[in-house]
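Colleague: Chains as they are written, first to last, in the working numbering: chain R, 4 to 171; chain V, 5 to 406.
Glycine included, each C-beta is placed from N, C-alpha and C at the ideal position.
All values derive from a computational prediction rather than experimental measurement.
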Amino acid sequence: MSATLADKEAVLREMGEHAAVAAFVAGLGEGFLDARWDRGELTLTVAADSVVAAGRAAQAAGYNFLEDVTAVDWYPSEPRFQVSYHIVSHGLKERIRLRVMLPGSEAGTGSGIESMTAVWPSANYYEREVFDLFGIAFTGHPNLRRILMPDDWQGHPLRKDYPVEGYR
Amino acid sequence: MSQPILEAPVAEGASDQTMVLNMGPQHPSTHGVLRLVLEIDGEVVVRLYPEIGYLHTGIEKTCEAKFYQQVVPLTDRIDYLSPMHNNLCYCLAVEKLLELPIPDKAQWMRVLLSELTRLNSHLVWLGTHAMDIGALTVFLYTFREREEILRIFEQVAGQRMMTSYFRIGGLALEPPLDFFDRVRGFIRTFPEKIDEYSNLLTGNPIFMNRLKDVGHLSAADAIALGVTGPPLRASGVDFDLRRDMPYSSYEKFRFRVPVSDRCDVWGRYLVRLEEMRESVKIIEQALDGMPEGPVKADAPKIVLPDREKMKTQMESLIHHFKIVTEGFAVPAGEVYQGIESSRGQMGYYVVSDGTAKPYRVHMRNPSFASLQALETMCKGRLLADVVAVIGSIDVVLGEIDR
Chain R
4 MSATLADKEA
14 VLREMGEHAA
24 VAAFVAGLGE
34 GFLDARWDRG
44 ELTLTVAADS
54 VVAAGRAAQA
64 AGYNFLEDVT
74 AVDWYPSEPR
84 FQVSYHIVSH
94 GLKERIRLRV
104 MLPGSEAGTG
114 SGIESMTAVW
124 PSANYYEREV
134 FDLFGIAFTG
144 HPNLRRILMP
154 DDWQGHPLRK
164 DYPVEGYR
Chain V
5 MSQPILEAPV
15 AEGASDQTMV
25 LNMGPQHPST
35 HGVLRLVLEI
45 DGEVVVRLYP
55 EIGYLHTGIE
65 KTCEAKFYQQ
75 VVPLTDRIDY
85 LSPMHNNLCY
95 CLAVEKLLEL
105 PIPDKAQWMR
115 VLLSELTRLN
125 SHLVWLGTHA
135 MDIGALTVFL
145 YTFREREEIL
155 RIFEQVAGQR
165 MMTSYFRIGG
175 LALEPPLDFF
185 DRVRGFIRTF
195 PEKIDEYSNL
205 LTGNPIFMNR
215 LKDVGHLSAA
225 DAIALGVTGP
235 PLRASGVDFD
245 LRRDMPYSSY
255 EKFRFRVPVS
265 DRCDVWGRYL
275 VRLEEMRESV
285 KIIEQALDGM
295 PEGPVKADAP
305 KIVLPDREKM
315 KTQMESLIHH
325 FKIVTEGFAV
335 PAGEVYQGIE
345 SSRGQMGYYV
355 VSDGTAKPYR
365 VHMRNPSFAS
375 LQALETMCKG
385 RLLADVVAVI
395 GSIDVVLGEI
405 DR
């Protein structure tokens, strides 16, 4: 296998048999947007409205453990936010990255992305952390409140338009 | 405060029977500044809500303003009981981005020191866990051995706790001449010391009664709630990143992964005690098979040159100046590197935009995730058991709050 498979077409061609890729093709259809194989890691990009379906498909394919949820702020380009889920399979001993791109306008309103807590309850803290530090609201989250910063804090520190030092 | 942490007590028709109790943030058995808001009915825990963030220092944000090599000392400060694991995980992630091969000796040294770090961390866990239960003596014994490990760290890295010994591309320095003898001397006597702790605790009826069948966590709950490391293995899930997704030449070592299906605090105690014995075996193998060769990768634009070369060779001086003043550019991309730290699966997610500073560094910390399982383990049990359960998941608040 080559070191980098840059797009969905190449991944489907070379890795069509891969458990997660096959499950996403079968289960998501249009919601499966892009794929990338780079530095030994598989990244699967899905549409924001099919993230929970993707979680269920991955779980059914044997990826049983949600290891981490975090975000990246690509300000000022759009779509601004990237939410990354890292999912491990205890059986296959493999990890995949689920990636969702989210426009900046939708992030704070809660219309953008559904909570993964329905599939893995452990998403609770991870999503609270993303909400706290990036201001991305997850719909259907049982207790979406700040976790690391004080409750009355203004702003979201890990956004790129939030200064590292000095005044906000 | 916009909304109260726990709304009015929930027990239906009996709301005047429960009370809300604050435990921490300053409480000797919460291992730092963990605050627990407990709703209790008599002595039985009805609900439990961990309130964290008291130690939040914004390390992830700080990382974005530093050069790649300047992030290494920050990673020490996340989990102050296993600094080398944090160093290792970050370095591996950046090396993966750079696709930089690491010399064998550096990899083996990393394994050796990672396992010493695990012993260091488990010794602190054992001492404080036993102390929480009321067995004060063990603490003095474990800290006696930990002192020797810290001296070894000081000898090799110049620092007892904030070591920063692993660097991008290898190690900071060659280990000193008598380093291997000293480690060998330590691990020769260490298995007896584990027997000594075991003699003090394992057959002790008070200790046993406080731990057995307390803090029950089924395998399905552990996976659903993101629990990793010794608590996961004590729930019967046989998964260890060192064996199952090896890194830094762990695949060349032979060791057993201790698993218990007791699902309680006692099982977690037994698993960690066994893990210490396995770590000793790994250290022995690392000492016996330590390869010869350099401890830094051959990448002059990334790894700082030796001091002597820097003073005598023009090229090295230029490289040294460039690395220190401008850093080194890392090809764009994103990687996630997971390792098995003392507390479970640690992960570093590093995103590069092609410049000399990381675009985003995120740490996945085992304690942060494991804390979510606290309510499941404590609900319906006695208040006094909460202390035993916190000890059994071995939380480090610096790691949770970052």
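Cβ of Arg364(V) less than 7 Å from any chain C Cβ?
Modeller: Checking the listed chains, one finds no chain C in this structure; the protein chains it contains are R and V.
Colleague: Any idea what DSSP makes of Arg39(V), helix, strand or coil?
Modeller: If you number the second sequence from 1, residue 39(V) lands on position 35. Residue state, collapsed to three classes: strand.
Colleague: With DSSP as the reference, identify every bridge partner of Val339(V), one or two as the case may be.
Modeller: The count along the second sequence starts at 1 and reaches residue 339(V) at position 335. Note: Val339(V) sits in a beta bridge opposite Val354(V).
Colleague: Of all the CB atoms in chain R, is at least one closer than 7 Å to the CB of Ile227(V)?
Modeller: On the second sequence, residue 227(V) is found 223 positions in, with the first residue counted as 1. Yes, because at least one Cβ of chain R sits closer than 7 Å to the Cβ of Ile227(V).
Colleague: Check whether the Cβ atoms of Leu175(V) and Ala110(V) lie closer than 7 Å to each other.
Modeller: The residue you call residue 175(V) lines up with position 171 of the second sequence. The residue you call residue 110(V) lines up with position 106 of the second sequence. Result yes, Cβ atoms of Leu175(V) and Ala110(V) sit closer than 7 Å.
Colleague: Give the interface partners of Ile150(R) over in chain V, defined as CB-CB distance under 7 Å, in chain order.
Modeller: Along the first sequence, read from residue 1 onward, the residue named residue 150(R) stands at position 147. Within chain V, Ile56 and Gly57 have C-beta atoms less than 7 Å from the C-beta of Ile150(R), given in sequence order.
Colleague: So, do the stretch 368-380 of chain V and the stretch 259-275 of chain V have three or more beta carbon pairs nearer to each other than 8 Å?
Modeller: no
Colleague: What separation, rounded to the nearest whole angstrom, lies between the Cα atoms of Gly348(V) and Asp108(V)?
Modeller: Translated into the one-based positions of the second sequence, residue 348(V) becomes position 344. Translated into the one-based positions of the second sequence, residue 108(V) becomes position 104. When rounded, the distance between both Cα atoms is 25 Å.
Colleague: Go ahead and pull the three-state DSSP assignment for Met294(V).
Modeller: Looking up residue 294(V) in the second sequence gives position 290. Looking at Met294(V) - three-state DSSP - the assignment turns out to be coil, as it is neither helix nor strand.
Colleague: On the three-state DSSP scale, how would you describe Tyr53(V)?
Modeller: Within the second sequence, the letter at position 49 stands for residue 53(V). If DSSP states are grouped into helix, strand and coil, Tyr53(V) belongs with the strands.
Colleague: Examine the Cβ distances between the stretch 86-97 of chain R and the stretch 28-38 of chain R and report whether three or more of them are shorter than 8 Å.
Modeller: Taking 8 Å as the limit for Cβ pairs, the verdict is that the stretch 28-38 of chain R does not touch the stretch 86-97 of chain R.
Colleague: Val328(V): which of Asp244(V), Tyr58(V), Asp217(V) and Ile306(V) sits nearest, CA to CA?
Modeller: Against the second sequence, residue 328(V) aligns to sequence position 324. Ranking Asp244(V), Tyr58(V), Asp217(V) and Ile306(V) by Cα distance to Val328(V) puts Ile306(V) first.
Colleague: Check the Cβ-Cβ distances between Leu95(R) and every residue of chain V, and say whether any is below 7 Å.
Modeller: To locate residue 95(R), count along the first sequence from 1; it is residue 92. Chain V contact via Cβ: absent.
Colleague: Unbroken beta strand (DSSP E) runs of length 3 or more, entirely within the stretch 94-167 of chain R: which are they?
Modeller: 97-105
Colleague: Show which residues of chain R have a CB atom less than 8 Å away from the CB atom of Tyr353(V).
Modeller: Here residue 353(V) refers to the residue found at position 349 of the second sequence. What Tyr353(V) touches in chain R, judged by beta-carbon distance under 8 Å, is Asp71, Thr73, Ser87 and His89, going in chain order.
Colleague: Find the residues of chain R that neighbour Tyr340(V), judging by a C-beta separation of less than 9 Å, and give them in chain order.
Modeller: Here residue 340(V) refers to the residue found at position 336 of the second sequence. Going along chain R in sequence order, the residues near Tyr340(V) (Cβ under 9 Å) are Glu44, Glu70, Asp71, Ser87, His89, Arg98 and Arg100.
Colleague: If we cut at 7 Å on Cβ distances, does Asp37(R) have a partner in chain V?
Modeller: If you number the first sequence from 1, residue 37(R) lands on position 34. Using a Cβ-Cβ cut-off of 7 Å, Asp37(R) does not count as an interface residue toward chain V, since no Cβ of chain V sits closer than that to its own.
Colleague: Drop a sphere of 10 angstroms on the beta-carbon of Tyr353(V), count the other beta-carbons inside from all chains shown, and report buried for 16 or more, exposed for fewer.
Modeller: Taking the first residue of the second sequence as 1, we reach residue 353(V) at position 349. Looking at its Cβ environment, which holds 16 or more other Cβ atoms inside 10 Å, Tyr353(V) is buried.
Colleague: Should Phe68(R) go down as buried or exposed, given a rule of 16 or more other Cβ atoms within 10 Å for buried?
Modeller: Counting from one through the first sequence, the residue named residue 68(R) turns up at place 65. Residue environment for Phe68(R): buried (at least 16 other C-beta atoms within 10 angstroms of its C-beta).
Colleague: If Cys95(V) sits next to Phe183(V), beta carbons under 8 Å apart, how far is it from one beta carbon to the other, in whole angstroms?
Modeller: In the second sequence, residue 95(V) corresponds to position 91, counting from 1. In the second sequence, residue 183(V) corresponds to position 179, counting from 1. Going by Cβ atoms, the distance from Cys95(V) to Phe183(V) rounds to 20 Å, so no, they are not a contact pair.
Colleague: Return no unless some Cβ of chain R is closer than 7 Å to the Cβ of Met350(V).
Modeller: The residue you call residue 350(V) lines up with position 346 of the second sequence. For Met350(V), no Cβ of chain R is located within less than 7 Å of the residue's own Cβ.
Colleague: Where does Lys300(V) fall in DSSP's three states?
Modeller: For this step, residue 300(V) is matched to residue 296 along the second sequence. Here Lys300(V) sits in strand by DSSP.
Colleague: Take Val269(V) and list the residues in its own chain whose beta-carbon comes closer than 7 Å to its own, dropping the five residues that flank it on each side.
Modeller: Translated into the one-based positions of the second sequence, residue 269(V) becomes position 265. So the list reads Leu215, Val218, Gly219, Ala392, Val393 and Ser396, once near-sequence residues are dropped.
Colleague: I need the DSSP call for His89(R), collapsed to helix, strand or coil.
Modeller: Start at 1 with the first residue of the first sequence, and residue 89(R) comes out as number 86. Of the three classes helix, strand and coil, the one that applies to His89(R) here is strand, per DSSP.
Colleague: Can you tell me whether Tyr71(R) is helix, strand or coil according to DSSP?
Modeller: Mapped onto the first sequence, residue 71(R) falls at position 68. According to the sequence as given, residue 71(R) is Asp; it is not Tyr. Strand.
Colleague: Counting only the same chain and skipping the five closest in sequence on each side, list residues whose C-beta sits under 6 Å from that of Phe190(V).
Modeller: Translated into positions along the second sequence, residue 190(V) becomes position 186. Cβ neighbours of Phe190(V) beyond the five flanking positions: Glu152.
Colleague: How about Glu338(V) and Val355(V): do their beta carbons lie closer than 7 Å?
Modeller: Taking the second sequence and counting its residues from 1, the one referred to as residue 338(V) is at position 334. Taking the second sequence and counting its residues from 1, the one referred to as residue 355(V) is at position 351. Result yes, Cβ atoms of Glu338(V) and Val355(V) sit closer than 7 Å.
Colleague: Looking at the structure shown, is Met166(V) part of a helix, part of a strand, or coil, going by DSSP?
Modeller: Looking up residue 166(V) in the second sequence gives position 162. The answer is coil: DSSP assigns Met166(V) none of H, G, I, E or B.
Colleague: With distances taken Cα to Cα, identify the nearest neighbour of Thr121(V) among Leu25(V), Leu101(V), Val75(V) and Glu158(V).
Modeller: Indexing the second sequence from 1 puts residue 121(V) at position 117. Nearest of Leu25(V), Leu101(V), Val75(V) and Glu158(V) to Thr121(V), Cα basis: Glu158(V).
Colleague: Would you mind working out which of Ile99(R), Pro160(R) and His89(R) sits nearest Ala126(R), comparing C-alpha positions?
Modeller: Translated into the one-based positions of the first sequence, residue 126(R) becomes position 123. Taking only the C-alpha atoms, the option nearest Ala126(R) is His89(R).
Colleague: Looking only at C-alpha atoms, which of Met135(V), Arg188(V) and Thr141(V) sits nearest to Ile156(V)?
Modeller: Within the second sequence, numbered from 1, the residue matching residue 156(V) stands at position 152. Measuring from the Cα of Ile156(V), the nearest candidate turns out to be Arg188(V).
Colleague: Opposite Ala38(R) in the DSSP bridges: which residues?
Modeller: Position 35 of the first sequence holds residue 38(R). Paired residues: Leu47(R).
Colleague: Run through DSSP, which three-state label would Gln317(V) get?
Modeller: Against the second sequence, residue 317(V) aligns to sequence position 313. DSSP places Gln317(V) in coil when its eight states are reduced to three.
Colleague: Which whole-angstrom value is the C-beta distance of His35(V) and Val390(V), which I expect to be below 8 Å?
Modeller: Taking the second sequence and counting its residues from 1, one reaches residue 35(V) at position 31. Taking the second sequence and counting its residues from 1, one reaches residue 390(V) at position 386. 12 Å between Cβ atoms; not a contact.
Colleague: Figure out for me which residue from Ala228(V), Leu277(V) and Val263(V) has the closest Cα to the Cα of Thr380(V).
Modeller: Taking the second sequence and counting its residues from 1, the one referred to as residue 380(V) is at position 376. If we check each option's Cα against that of Thr380(V), Ala228(V) comes out closest.
Colleague: Confirm, please, whether the CB-CB distance from Val103(R) to Val54(R) is below 7 Å.
Modeller: As a working note, residue 54(R) is residue 51 in the first sequence. As a working note, residue 103(R) is residue 100 in the first sequence. The answer is yes: Cβ separation under 7 Å.
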